[in-house]
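Taking the numbering used here, the leading residue of the sequence shown gets 183, the next gets one more, and so forth. The beta-carbon is built from N, C-alpha and C at its ideal position, and this holds for glycine as well. Here the structure is a predicted model, which means the values were calculated and not measured. Report on the following structure.
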Amino acid sequence: MVINWHEMSIDEVLRRLNTTPHGLSDREAEKRLRKFGPNELRGEKGISRLNILLNQFRSILVIILIIATVLSALLGNIIDSIAIVAIVILNAVFGFLQEYKAEKTIEALKRLAQPEAVVIRNGKRTRIPSKFLVPGDVVILEHGGRVPADIRIMESAELQIDEAIITGESVPVAKFTKPVKTTTLAEMKNIAFMGTMVTHGRGCGVVISTGMHTEVGKIAHTIEEKPEVETPLQKRLNTFGRKLGIF
């Protein structure tokens, strides 16, 4: 269920999250951490370039074409063999570039994570690893730091945030506390998004989403799960491979 935190008053947000401006207790935070999991961008462990390249040759259709190349060469059809090899190599190059680009994009998103966060726990200001943040935590945002989770702004002292990685906005956005009715991320000026950079001022807010449930987490998930788009060359290769597989 989608919750429009940006449309709610601060009191309503705190009530829905069962928290207060004084933050959570350590005990409650531990309970929520078990429920929501660590505040991290998950994903498969980084794949080496060699493995990405090898993956391009594991398709059954590519294997059929390699067999066809060998048979064609044995029958003396050298030109046909060279043509098939060229097709297989071009397909591998296109596939490699596509998969490698997606892998590097996800790695870049993971590097946006802020290592530590300043929070209010047990009514006191303290610093914790960002991966232990949970919904309901009250977080202090300061100039020069990255936003450690998706946060509903509760206080803003000339707070400005660079949101280019999320919204594409080229200039920092001034943040405020009042509710807004919108469906556009760029207009949610009472929300600070995970991975964005505080460029001016300071503020504080309450965590509304962590890890893969944040906006940057949704981007990472989309990249990771996006179905492969076949190029015209790959479509022809697959058609050719299926025809060869008939014989």
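Assigned secondary structure, residue i (DSSP; H/G/I helix, E/B strand, else coil)
i: T308; result: strand
i: R293; result: coil
i: M336; result: strand
i: F429; result: Unreliable positioning characterises F429 in this predicted model, as indicated by a pLDDT of 44, which lies under 50. The coordinate reading is nonetheless provided below. Three-state DSSP puts F429 in coil, outside helix and strand.
i: A331; result: coil
i: D319; result: coil
i: G205; result: coil
i: V355; result: strand
i: V195; result: helix
i: M394; result: helix
i: L215; result: helix
i: G350; result: coil
i: E298; result: strand
i: L367; result: helix
i: E222; result: coil
i: T404; result: helix
i: E381; result: Note on residue identity: the sequence assigns Thr, not Glu, to residue 381. The answer is strand: DSSP assigns T381 an E or B state.
i: E345; result: coil
i: V184; result: coil
i: G399; result: helix
CB-CB length for residue i against residue j, believed under 8 Å
i: T392; j: N221; result: 4 Å
i: G385; j: S338; result: 4 Å
i: V270; j: H325; result: With 8 Å as the limit, V270 and H325 do not qualify as a contact, their Cβ atoms being about 54 Å apart.
i: I390; j: D332; result: 5 Å
i: L223; j: G399; result: 6 Å
i: I266; j: T287; result: Not quite, the Cβ-Cβ distance comes to about 32 Å (not below 8 Å), so this is no contact.
i: S241; j: S254; result: Incorrect: roughly 19 Å between the Cβ atoms, too far for contact.
i: L232; j: A274; result: 12 Å between Cβ atoms; not a contact.
i: M376; j: P330; result: 7 Å
Per-residue burial, residue i [other beta carbons within 10 Å of its own, 16 or more giving buried]
i: A374; result: buried
i: I428; result: No answer about I428 holds up, because its pLDDT of 48 lies below 50 and its placement is not dependable.
i: V355; result: buried
i: T364; result: exposed
Any non-hydrogen atom of the ligand MG within 7 Å of residue i CB
i: D344; result: No copy of the ligand MG occurs in the structure displayed, which carries no ligand at all.
Cβ-based neighbour list, residue i, same chain, cut-off 8 Å, excluding 5 preceding and 5 following
i: S191; result: P361
i: F314; result: A211, L215, P220 and N221
i: R307; result: V300, V301 and I322
i: N372; result: H188, R334, I335, K357, F358, T359, K360, P361 and V362
i: H382; result: H325, E340, L341, Q342 and P354
Contact set for residue i: own chain, Cβ-Cβ below 7 Å, skip 5 residues either direction
i: G219; result: G393
i: G205; result: V301, I302, R303, G305, D319 and V320
i: S352; result: A346
i: I401; result: L291
Contacting residues, own chain, Cβ-Cβ under 6 Å from residue i (five flanking each side not counted)
i: R165; result: Coverage of the chain is limited to positions 183 through 429, which leaves residue 165 absent and any answer about it impossible.
i: N237; result: none
i: H395; result: none
Discussion item. Report the start-end ranges of each alpha helix (DSSP H) in the stretch 225-281 that is 4 residues or longer and not cut off at the edges.
Written reply: 231-237 and 242-256
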